[in-house]
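For the sequence shown, position 38 matches number 386 in our numbering, and the numbering has no gaps at all. Positions of the beta carbon are idealized from the N, C-alpha and C atoms, including for glycine. Have a look at the structure below, then the notes.
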Amino acid sequence: MQSQNPGRAGLLRRVRRLVRRNRRLIAALLLCAAAGLAVQALTPAPAASVPVVVTAADLPAGTVLTEAQLTVQPHPAATGPPGSAASPADLLGRRLASALRAGSPVLDTSLVGPGLLTGTPPGTAAVPVRPTDPSTVQLVEPGQLVDIVLSSGNGFDQPASSTVLARGVAVLWKADGGPADGSLLGSSSAASAEGLVVVAASPAEAAALAGSSSRGQVFLVLVG
């Protein structure tokens with residue numbers, strides 16, 4: 349038999365002594381490593397995210413959106429806001445129907461357009477109404493409920509009468525003197541929309557409101 353290499357044998361003895369002297373430290377290090385591996389194994393993978401367009405500053409109702417007013421933030425894909433946009437390019441030139449705080453997602457329900465009818469009963473229509481007194485428009489805000497009353501006759505040769513055309517309809521949008529937004533009022537509308545409001549009306553109310561301003565004086569009565 350060959351004798352063991354003296355140098356190797358000495359190295360093994362030094363390693364054994366080092367291990368015996370530091371066995372508690374080595375055990376602690378192994379325990380920490382095992383705990384770290386367990387935590388890594390149990391930590392879920394980062395959640396997938398989607399881009400969501402939000403406002404870069406506080407914006408008032410009626411704002412026509414520009415690129416400088418919008419920014420993109422990541423949002424968890426599983427809880428992405430319904431009706432949100434992924435790119436500012438999808439929103440440029442659109443008009444806000446309500447005020448938004450900085451950092452708020454810009455949803456389809458925030459914009460003048462078909463999204464304003466989200467959640468309304470089937471058949472609900474967005475109907476533009478122009479009150480006889482345009483200054484009354486300043487008294488209403490989106491979400492306000494109004495009765496719409498038609499007053500006809502002059503009290504002399506024509507008997508005066510008042511008819512409620514719609515009761516408790518919600519104001520979806522009001523004009524602030526700018527041009528009408530084609531996505532809701534029709535792209536052919538180029539005249540000033542000053543004094544115009546848009547309400548959510550049932551089919552019967554929409555039929556009664558159509559052309560009402562040509563039949564007499566139209567008034568808004570705030571309710572609720």
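Three-way DSSP call (helix, strand, coil) for residue i in this model
i    : result
A473 : strand
A552 : helix
R515 : strand
P482 : helix
G525 : Legend: pLDDT at G525 = 47, less than 50; position of this residue unreliable, no value from coordinates given.
R581 : Not covered by the structure: residue 581. The range shown for the chain is 349 to 572.
S561 : helix
S536 : Low confidence applies here, because S536 scores a pLDDT of 38, under 50, leaving its location unreliable; read the following figure in that light. The answer is coil: DSSP assigns S536 none of H, G, I, E or B.
P436 : helix
L413 : coil
S531 : Residue confidence is low: S531 scores 47 on pLDDT, short of 50, so the model does not pin down where it sits. Its coordinate-derived value is still stated next. If DSSP states are grouped into helix, strand and coil, S531 belongs with the helices.
L360 : helix
For residue i, the residue or residues it bridges with in DSSP
i    : result
V387 : According to DSSP, V387 bridges with nothing at all.
T419 : V402
I496 : A514 and L568
L459 : L444
P453 : V402
V546 : P476 and W521
L366 : According to DSSP, which records beta bridges pairwise, L366 is partnered with nothing at all.
L407 : L448
P424 : S397
Residue i and residue j closer than 8 Å at C-beta
i    : j    : result
A375 : S397 : no
A552 : L465 : no
A437 : S458 : no
T414 : L390 : no
D495 : V512 : yes
Q523 : G491 : This sequence places Ala at residue 523; Gln is not what is there. No, the Cβ-Cβ distance between A523 and G491 is not below 8 Å.
Q565 : S499 : yes
G431 : G461 : no
T468 : R443 : no
G572 : G516 : yes
G428 : S550 : no
Closest by C-alpha distance to residue i, when choosing among the options
i    : options                   : result
A514 : T484, N370, A409 and V569 : V569
R449 : V546, R365 and D406       : D406
T484 : F567, T419, P507 and S550 : F567
W521 : L493, D481 and R362       : L493
Q486 : V545, A433 and P462       : V545
Q417 : A382, A447, L378 and R371 : A447
S562 : T480, P507, A382 and E489 : T480
V488 : A386, P422 and A409       : A409
Short CB-CB distance (under 8 Å) between residue i and chain D
i    : result
P453 : This model lacks chain D altogether, as it is built from one protein chain only.
Residue i: CB within 7 Å of a non-hydrogen atom of the ligand NAD
i    : result
V519 : Within the structure as shown, the ligand NAD is missing, as the structure has no ligands at all.
Flag this pair as touching only if the stretch 400–413 and the stretch 451–471 have three or more C-beta atom pairs under 8 Å; answer yes or no. Result yes; three or more Cβ-Cβ pairs closer than 8 Å.
| request: Specify whether the stretch 475–491 and the stretch 555–572 touch according to this definition: at least 3 beta carbon pairs, one from each stretch, less than 8 Å apart. | output: yes
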